[in-house]
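Single-structure report; data block below.
Chains as they are written, first to last, in my numbering: chain H, 46 to 498; chain S, 46 to 498.
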């Protein structure tokens with residue numbers, strides 16, 4: 046057998062700042078618009094939702110933003126995270142490719158999400174906020190926010206997309222163990238939730254709906270702000286520690302990635318690993334191929350329109366320009382719940398438009414097949430979301446084999462699948478099906494895009 | 046908030062040998078006896094069960110035994126494991142005690158068990174064995190063996206105690222993801238299983254029964270050996286890497302434990318952290334207090350007899366001298382399935398008899414309460430087994446507070462609770478009860494101890 050090789054940094058090598066790609070964009074990001082006026086919004090418009098420190102990060106064009114010392118202190122309980130050379134997988138594939146994966150599943154909540162929940166909790170606490178309302182898809186983000194809330198003594202309320210709430214009761218148990226409250230979305234706790242339940246009582250929910258509920262909750266209470274686990278610039282910023290550590294670890298391996306692969310739901314883990322390398326390229330460094338993998342059942346980057354749209358279903362958020370399937374699009378209840386979002390991070394969308402990255406879609410069955418192969422060769426059971434990135438990496442490695450080339454492939458393994466074992470059980474039991482989306486529903490959702498912008 | 050401090054070793058500091066406490070015992074371990082003759086058994090008697098390399102380790106009195114390089118290569122994918130100073134927990138308890146915990150949950154299967162499943166798979170592969178039969182209680186050991194089997198290309202069959210099989214379907218899913226076969230025990234696949242099912246069809250099973258099935262399976266097939274996840278000397282030996290790493294990490298922290306605490310089911314994680322320190326003491330080093338924590342529902346060390354007994358229910362194993370509740374004792378189906386064994390490792394039992402360690406029993410509800418406090422302050426959700434050690438550590442820290450003394454407490458956090466969230470859900474839902482055992486049943490089981498020895 047071929048043993049995996051681990052590259053581990055010293056704590057002192059952990060980055061002291063996050064990397065902000067907005068400093069290096071060849072064209073600036075299209076502005077966020079007010080849905081009523083169609084005019085660019087200012088910081089004051091976001092104040093009901095976020096603490097000012099995060100709003101400043103959202104629009105900053107500083108290249109590096111310091112990580113506060115209390116945040117680094119907490120990061121240190123699991124960071125720097127390991128980067129592995131997948132020798133077992135390479136041997137099984139019999140590929141000349143060099144496959145590396147950065148493993149974010151070592152974190153307390155089991156994914157990269159804590160990289161941003163911790164600073165979000167920190168800045169909220171600093172601003173005197175007592176309570177945070179948020180949503181979660183697969184539950185990774187809700188767990189991460191619950192963990193950060195426990196450490197900073199904040200009350201956390203999580204609106205969890207109903208299909209995942211039912212598929213993953215143990216994610217809810219994790220949130221409760223950390224002291225958070227978790228309800229199925231749509232819920233009866235908000236106007237938005239009640240309206241949707243009245244119209245479609247059997248809905249499986251969606252991230253767009255859950256966002257509406259959390260935003261409404263936060264705006265309605267003085268002691269409460271909102272927190273988002275992906276999509277926004279400041280969230281992607283916090284994730285860049287993944288790529289910055291990976292750069293140092295690839296140096297340890299005396300290698301540099303030819304291709305970087307991440308899965309995309311809202312875009313944050315993908316941005317986290319890719320942006321620092323894209324930034325190096327924009328600054329004149331080595332060129333890297335960057336590949337986002339999404340599910341065919343929710344094909345935002347590969348089938349969506351690049352247009353201004355709402356981030357939520359009830360249209361409570363500002364308008365952002367992004368790849369979108371339409372804010373009323375409800376994706377099928379497939380198992381990678383973290384990839385079920387109708388939109389995509391504006392920064393990721395912008396980079397695809399600029400030709401700085403590509404995207405590809407896979408079905409869920411082929412992703413589970415890849416995940417099982419990975420578990421049996423590398424010993425880690427991936428989250429269904431991350432299995433998309435692994436499938437992408439395996440296909441690239443097989444292409445190397447076919448072409449007889451040895452390329453260096455860097456995959457972001459954004460989380461473990463310990464809370465997704467029902468999905469594996471269903472997969473082994475032959476109960477999982479592929480399913481893409483209803484063409485008609487997609488067309489209808491896209492036809493409803495706002496005309497602003 | 047007080048951030049946890051992590052002490053992490055370089056890979057080069059990972060121990061190159063295991064520590065064998067048999068080299069330093071003030072009195073040798075009582076011999077293992079043949080149940081028929083009452084005479085000490087020899088290596089040949091164990092050959093149907095284990096590869097010779099492990100039999101040699103079982104009886105060795107060499108102080109250090111080299112860790113084979115291929116085993117170290119695999120260990121490196123998660124080892125050296127971190128040791129933490131529990132600053133968050135200390136602050137919450139407002140204790141002058143210094144609380145440290147060694148965290149074995151970072152391993153691929155989520156517990157310390159892989160420390161021995163990997164070498165057991167390695168030596169089996171070396172000996173030309175194709176298939177391993179084993180049992181598992183909570184599923185930690187079965188998952189660990191499944192993982193090691195995947196890496197060494199061995200067929201793994203796991204007999205899982207029925208109560209845990211039903212409580213923890215996702216442990217089974219994990220084993221299957223790694224490629225192993227897992228059945229509920231008692232099963233219809235063995236004589237022992239069929240006999241017990243005929244007599245008590247509703248039995249929740251026990252480790253003693255599952256061991257009988259796995260031993261019968263292994264003895265009946267030429268290509269198959271048996272593997273055990275605890276109790277035996279060679280298993281405890283493999284776990285000593287935990288304590289050896291901890292010694293180096295306590296040095297990094299410029300501290301030395303006054304008290305070492307581990308939970309005990311079969312005794313292996315406890316031995317892993319404690320034996321190297323007890324060995325130092327026996328060699329003239331600092332004295333350490335050593336405390337084993339067990340569930341009141343299966344109180345082997347605190348209520349069992351120190352006597353010769355069978356390791357399994359069907360009486361297929363040799364006789365070992367240990368603390369035992371009687372091989373026919375079936376503990377209640379409480380949630381710390383890994384602590385439901387009627388016996389105790391002979392080495393641990395022997396050390397207690399020699400006065401080198403103490404033991405204490407707790408109820409499950411107080412252990413879950415401790416686990417939730419730990420999760421909210423340290424960010425890690427402990428396995429129910431490990432929560433016993435945490436409860437012990439918290440009580441010792443509170444004793445320090447009461448006495449106004451600052452002692453150094455080292456806890457072994459043997460695994461995470463990601464596959465035990467039903468137990469947490471039941472705890473939050475008020476569905477868990479304390480329950481000790483049936484005094485009559487215990488008396489009857491003890492009255493049936495074999496008269497040999």
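The C-beta atom is built at its ideal place from N, Cα and C for all residues, glycine as well. Remember, predicted model here, so these are calculated numbers, not experimental data.
{"Asked": "List the residues of chain S whose Cβ lies closer than 7 Å to the Cβ of residue 139 of chain H, in chain order.", "Found": "Within chain S, no residue comes near residue 139 of chain H; the closest Cβ sits about 15 Å away, beyond 7 Å."}
{"Asked": "Return the chain-ordered ranges of every beta strand (DSSP E) run that is complete within the stretch 221-289 of chain S and spans a minimum of 3 residues.", "Found": "226-230, 269-272"}
{"Asked": "Which parts of the stretch 338-419 of chain S are runs of the alpha helix (DSSP H), unbroken and 4 residues or longer, counting only runs that do not cross its ends?", "Found": "345-348, 391-398"}
{"Asked": "Quick one: which residues of the stretch 193-209 of chain H get their C-beta closer than 8 Å to a C-beta of chain S? List them in chain order.", "Found": "195, 196, 197, 198"}
{"Asked": "With a threshold of 8 Å between beta-carbons, can residue 151 of chain H be considered close to chain S, or not?", "Found": "yes"}
{"Asked": "Kindly list the residues whose CB is nearer than 7 Å to the CB of residue 406 of chain H, restricted to its own chain and excluding five residues on each side of it in sequence; keep chain order.", "Found": "339, 340, 341, 344, 347"}
{"Asked": "Using 10 angstroms around the beta-carbon of residue 299 of chain S, count the other beta-carbons present and answer buried if the total reaches 16, otherwise exposed.", "Found": "exposed"}
{"Asked": "Tell me whether the beta-carbon of residue 419 of chain S lies closer than 8 Å to the beta-carbon of residue 435 of chain S.", "Found": "yes"}
{"Asked": "In the DSSP output, which residue or residues are listed as bridge partners for residue 85 of chain S?", "Found": "S:78"}
{"Asked": "Can you tell me whether DSSP reads residue 218 of chain H as helix, strand or coil?", "Found": "helix"}
{"Asked": "If you drop the 5 nearest sequence neighbours on each side, which residues of the same chain put their C-beta closer than 6 Å to that of residue 453 of chain S?", "Found": "143, 300, 302, 303"}
{"Asked": "Taking the alpha carbon of residue 103 of chain H as the point to measure from, which residue in H:276, H:423, H:118, H:465 has its own alpha carbon closest?", "Found": "H:276"}
{"Asked": "Excluding the 5 residues preceding and the 5 following residue 431 of chain S in the sequence, name in chain order all residues of the same chain whose CB lies nearer than 7 Å to its CB.", "Found": "308, 458, 459, 460"}
{"Asked": "Let's test the definition: count the other Cβ atoms within 10 Å of the Cβ of residue 366 of chain S and tell me whether it reaches 16, buried, or not, exposed.", "Found": "buried"}
{"Asked": "Residues of the stretch 208-228 of chain H with a CB closer than 9 Å to any CB of chain S: list them in chain order, please.", "Found": "214, 215, 216, 217, 218, 219, 221, 222, 223, 224"}
{"Asked": "Considering just the uninterrupted stretch of the alpha helix (DSSP H) at residue 438 of chain H, what are its terminal residues?", "Found": "429-448"}
{"Asked": "Would you decide whether residue 489 of chain H is buried or exposed? Buried here means 16 or more other CB atoms lie within 10 Å of its CB.", "Found": "exposed"}
{"Asked": "Nearest-angstrom Cα distance between residue 437 of chain S and residue 381 of chain S?", "Found": "15 Å"}
{"Asked": "Specify whether the stretch 286-300 of chain S and the stretch 126-134 of chain S touch according to this definition: at least 3 beta carbon pairs, one from each stretch, less than 8 Å apart.", "Found": "yes"}
{"Asked": "In angstroms with no decimal places, state the Cα-to-Cα distance between residue 187 of chain S and residue 402 of chain H.", "Found": "43 Å"}
{"Asked": "Counting pairs of beta carbons, one from the stretch 157-172 of chain H and one from the stretch 471-487 of chain H, are three or more of them closer than 8 Å?", "Found": "no"}
{"Asked": "Listing by chain order, which chain H residues have their CB less than 8 Å from the CB of residue 420 of chain S?", "Found": "195, 222, 223"}
{"Asked": "Going along chain S, which residues have a C-beta under 7 Å from residue 130 of chain H?", "Found": "Within chain S, no residue comes near residue 130 of chain H; the closest Cβ sits about 10 Å away, beyond 7 Å."}
{"Asked": "What does residue 121 of chain H reach in chain S if we use C-beta pairs closer than 9 Å?", "Found": "48, 49, 50, 51"}
{"Asked": "Which one of H:197, H:252, H:239 has the shortest CA to CA distance from residue 208 of chain H?", "Found": "H:252"}
{"Asked": "So is residue 218 of chain S buried or exposed if we call it buried at 16+ other beta carbons inside 10 Å?", "Found": "buried"}
{"Asked": "Give a yes or no on whether the minimum CB-CB distance between residue 118 of chain S and chain H is below 8 Å.", "Found": "yes"}
{"Asked": "DSSP on residue 205 of chain H, reduced to helix/strand/coil?", "Found": "strand"}
{"Asked": "Starting from residue 314 of chain S and walking both ways along the alpha helix (DSSP H), at which residues does that stretch end?", "Found": "313-327"}
{"Asked": "Measure the Cβ-Cβ separation of residue 63 of chain S and residue 119 of chain S and say whether it is below 8 Å.", "Found": "no"}
{"Asked": "Could you tell me whether any Cβ in chain H is nearer than 8 Å to the Cβ of residue 463 of chain S?", "Found": "yes"}
{"Asked": "Within 8 Å of any Cβ in chain H, is that where the Cβ of residue 426 of chain S sits?", "Found": "yes"}
{"Asked": "Give the secondary structure of residue 65 of chain S by DSSP, where H, G and I count as helix, E and B as strand, and everything else as coil.", "Found": "coil"}
{"Asked": "For a contact defined as C-beta to C-beta under 8 Å, what are the partners of residue 179 of chain S on chain H?", "Found": "Chain H residues near residue 179 of chain S: none, gap ~18 Å exceeds 8 Å."}
{"Asked": "Look up residue 477 of chain H in the DSSP assignment and say whether it is helix, strand or coil.", "Found": "coil"}
{"Asked": "Would the stretch 353-366 of chain S and the stretch 227-241 of chain S be scored as touching if the rule is three or more Cβ pairs under 8 Å?", "Found": "yes"}
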